[in-house]
Amino acid sequence: MLKALAIKELRESLGIVALAVLGLGYVFLDLIGVALLPWTYAGQTYFPFSAGAQTFSQSLCLGAFALLLGFRQTAWELHNGTFFFVLHRPLPRKIVFIVKLLVGTVLVLLLNAVFIGIYGWWAATPETQPTPYFWSMTLPAWKLGLAIIPVYLGAFLSGMRPGQWFGSRLLPAIAGIAAGYAVHLMPWWWLSAIIWLASVICFTVSIFYYAGERDF
11 MLKALAIKEL
21 RESLGIVALA
31 VLGLGYVFLD
41 LIGVALLPWT
51 YAGQTYFPFS
61 AGAQTFSQSL
71 CLGAFALLLG
81 FRQTAWELHN
91 GTFFFVLHRP
101 LPRKIVFIVK
111 LLVGTVLVLL
121 LNAVFIGIYG
131 WWAATPETQP
141 TPYFWSMTLP
151 AWKLGLAIIP
161 VYLGAFLSGM
171 RPGQWFGSRL
181 LPAIAGIAAG
191 YAVHLMPWWW
201 LSAIIWLASV
211 ICFTVSIFYY
221 AGERDF
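Going by the numbering used here, the sequence shown wraps up at 226, each residue one higher than the last.
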């Protein structure tokens with residue numbers, strides 16, 4: 011039953027994953043100097059993992075993916091009535107939401123890891139770019155991937171909360187974006203870790219509170 015539920019979540023997320031892969035693929039090709047559009051510049055102009063353009067594009071793609079995925083796993087299923095089917099399976103409600111959250115979190119981290127791995131492999135390959143490269147230069151990109159987790163959890167919580175969309179219902183998603191922004195930009199890693207841990211715990215507790223209290 012758990013395997014079937016995980017496969018269902020993966021299958022229903024494939025469209026959003028494909029969009030994220032296309033977006034990150036475009037970002038990667040742009041960073042290495044491949045011009046895909048007539049108005050883009052052909053030629054590698056950035057030091058690997060040290061340009062604001064890379065950080066902005068990576069965070070934009072991953073952030074949009076996390077928001078869409080969180081809403082897809084909750085608000086979309088509420089709209090289509092899928093929750094009435096899923097939550098009446100012979101599984102505890104808490105387990106259903108744990109599987110959903112695990113699948114979503116793994117997808118976010120996996121996409122980020124694949125992007126870093128491919129871009130890092132290209133940068134480490136001789137004669138691809140003229141600057142020194144060390145794998146430690148990827149640390150901010152890994153930090154960015156972790157900063158996207160509160161964004162995903164905030165969207166997930168917004169999707170399952172009652173209320174008006176243009177009211178209090180979107181507050182968790184906005185708070186998740188703010189937390190992710192703070193985690194990524196904070197220069198002190200210990201403070202980033204505190205903000206990240208506090209936001210993840212807060213969102214997770216709230217998710218399971220609504221999962222147990224709300225009559226879907």
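Even for Gly, the Cβ is constructed at its ideal location relative to N, Cα and C.
Distance, residue j Cα to residue i Cα
| i | j | result |
| --- | --- | --- |
| Ile217 | Ile26 | 22 Å |
| Ala228 | Cys212 | For the chain, the structure presents residues 11 to 226; residue 228 sits outside this window and is missing. |
| Ile105 | Gly222 | 11 Å |
| Tyr129 | Leu15 | 33 Å |
| Val124 | Ser178 | 35 Å |
| Val116 | Pro142 | 31 Å |
| Leu12 | Ser146 | 37 Å |
| His89 | Trp200 | 40 Å |
Sub-7 Å separation of residue i and residue j beta-carbons
| i | j | result |
| --- | --- | --- |
| Val37 | Ser67 | yes |
| Asn122 | Leu72 | yes |
| Val113 | Ala157 | no |
| Thr92 | Ile126 | no |
| Pro182 | Leu167 | yes |
Environment of residue i [buried if 16+ CB atoms lie within 10 Å]
| i | result |
| --- | --- |
| Ile204 | exposed |
| Pro140 | exposed |
| Arg171 | buried |
8 Å contact criterion, which residue i and residue j should meet: CB distance rounded
| i | j | result |
| --- | --- | --- |
| Thr214 | Leu163 | 7 Å |
| Ser202 | Lys153 | 7 Å |
| Val118 | Ala165 | About 11 Å separates the two Cβ atoms, so there is no contact after all. |
| Gly190 | Pro160 | 5 Å |
Residue from the options whose Cα sits closest to the Cα of residue i
| i | options | result |
| --- | --- | --- |
| Ala134 | Ile42, Ala16, Gly35 and Arg82 | Ile42 |
| Phe59 | Trp132, Leu88, Leu29 and Lys13 | Trp132 |
| Ile184 | Thr92, Ala151 and Gly80 | Gly80 |
| Arg21 | Trp200, Gly190, Arg82 and Leu34 | Arg82 |
| Thr138 | Pro197, Leu29, Leu39 and Leu34 | Leu39 |
Within-7 Å CB hit, residue i to chain B
| i | result |
| --- | --- |
| Ser202 | The chain labelled as chain B is not found in the depicted structure, where only one protein chain is given. |
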